[in-house]
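Trainee: Residue numbers (the numbering used here): 1 to 199.
For every residue, glycine included, the Cβ atom is placed at its ideal position computed from N, Cα and C.
My questions will all concern the structure given below.
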């Protein structure tokens, strides 16, 4: 298959989208993570730093390093502030994904992009297909609690995401992930089969 295909991976907090991305990566496919690109800009782009300090105060950085705890508290407690941060970062993230996509497509035909906010940030147009990873709320909550997140933080982050019911209407492929990594791996292989992608 020589057609170039970009596949978005999304899902609510704790759904397992990062695990799905890891499976893609371990299977030899290139994976970009929107969250990592955002963090890169936040940490290293002087213009971003200037805008963030202007909007959210000097506490946004400690010794020139993004104060993630402070920023998380500010934006996840206030949807308006979250949108402001997204307005700074999202255009840069989109541009960077497009740039990296061109580089990757010189050598590869398939690219996976993981982003929690494909629908929230209107990123759908970047992808040929979007894969939605879902899991029951209790399963998602338990996963995040076991990783050290508080239930309060889980709820705040969840409130800033479009509900799965809405995402289901828009996604091209939907995989339930209440089970094991092995089961998720089988679903990844099914995706390759459905898209006629040779691994």
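#1: Pick helix, strand or coil for residue 114, following the three-state DSSP scheme.
#2: Of the residues 196, 57, 20, 142, which one's Cα is nearest the Cα of residue 74?
#3: Where does residue 193 fall in DSSP's three states?
#4: Just how far apart, CA to CA, sit residue 46 and residue 33?
#5: With a cut-off of 8 Å on the beta carbons, I'd call residue 104 and residue 111 a contact; round off their distance for me.
#6: Give a yes or no on whether 9 Å exceeds the smallest Cβ distance from residue 108 to chain D.
#7: May I ask which residues mark the beginning and end of the beta strand (DSSP E) holding residue 174?
#8: Cβ atoms of residue 140 and residue 13: under 9 Å apart, would you say?
#9: Going along the chain, which residues of its own chain have a beta-carbon closer than 7 Å to the beta-carbon of residue 160, five neighbours each way excluded?
#10: Could you give the distance in angstroms between the alpha-carbon of residue 48 and the alpha-carbon of residue 42?
#11: Need the endpoints of the alpha helix (DSSP H) that residue 56 sits in, please.
#12: Quick check: what's the CA-CA separation for residue 22 versus residue 9?
#13: Determine the direct distance from the alpha carbon of residue 28 to that of residue 177, and round the result to whole angstroms.
#14: Contact check, residue 72 vs residue 131 under 8 Å by CB: the rounded distance?
#15: Between the C-alpha atoms of residue 53 and residue 154, what's the straight-line distance to the nearest angstrom?
#16: Got a sec? Which residues, its chain only, sit under 6 Å from residue 93 by beta carbon, not counting five neighbours each side?
#17: What residues are listed by DSSP as bridge partners for residue 74?
Mentor: In this structure, then:
#1: Here residue 114 is taken as the residue at index 114 of the chain shown, counted from 1. Judged by DSSP in its simplified three-state form, residue 114 adopts strand.
#2: For the purposes of this step, residue 74 is taken as the residue at position 74 of the chain shown. Taking only the C-alpha atoms, the option nearest residue 74 is 57.
#3: Counting from one through the chain shown, the residue named residue 193 turns up at place 193. In this structure, residue 193 counts as helix in the three-state DSSP scheme.
#4: Walking along the chain shown from the start, residue 46 turns up at place 46. Walking along the chain shown from the start, residue 33 turns up at place 33. Their backbone Cα atoms lie some 21 Å apart in a straight line.
#5: Residue 104 sits at position 104 when you count from the first residue of the chain shown. Residue 111 sits at position 111 when you count from the first residue of the chain shown. Right, their Cβ atoms sit about 5 Å apart.
#6: Included in the structure is just one protein chain, with no chain D present.
#7: Residue mapping note: residue 174 aligns to position 174 of the chain shown, counting from 1. In this chain, the beta strand (DSSP E) harbouring residue 174 covers 173-176.
#8: Counting from one through the chain shown, the residue named residue 13 turns up at place 13. Counting from one through the chain shown, the residue named residue 140 turns up at place 140. Less than 9 Å divides the Cβ of residue 13 from the Cβ of residue 140.
#9: Your numbering for residue 160 matches position 160 in the chain shown. Hits under 7 Å: 76, 79, 82.
#10: Sequence index remark: in the chain shown, residue 48 carries index 48 (1-based). Sequence index remark: in the chain shown, residue 42 carries index 42 (1-based). Going by the C-alpha atoms only, they are around 6 Å apart.
#11: As a first step, residue 56 must be located in the chain shown, where it is residue number 56. 46-56 is the span of the alpha helix (DSSP H), which, as asked, contains residue 56.
#12: Within the chain shown, the letter at position 22 stands for residue 22. Within the chain shown, the letter at position 9 stands for residue 9. Their Cα atoms are separated by approximately 11 Å.
#13: Residue mapping note: residue 177 aligns to position 177 of the chain shown, counting from 1. Residue mapping note: residue 28 aligns to position 28 of the chain shown, counting from 1. Straight-line spacing of the CA atoms in residue 177 and residue 28 works out to 22 Å.
#14: Sequence index remark: in the chain shown, residue 72 carries index 72 (1-based). Sequence index remark: in the chain shown, residue 131 carries index 131 (1-based). 27 Å between Cβ atoms; not a contact.
#15: By one-based count along the chain shown, residue 53 stands at place 53. By one-based count along the chain shown, residue 154 stands at place 154. Rounded to whole angstroms, residue 53 to residue 154 spans 26 Å at the Cα level.
#16: Taking the chain shown and counting its residues from 1, one reaches residue 93 at position 93. Taken in chain order, the residues that qualify are 34, 37, 38.
#17: For the purposes of this step, residue 74 is taken as residue 74 along the chain shown, with counting starting at 1. In the DSSP output, where bridge partners are listed per residue, residue 74 has none listed.
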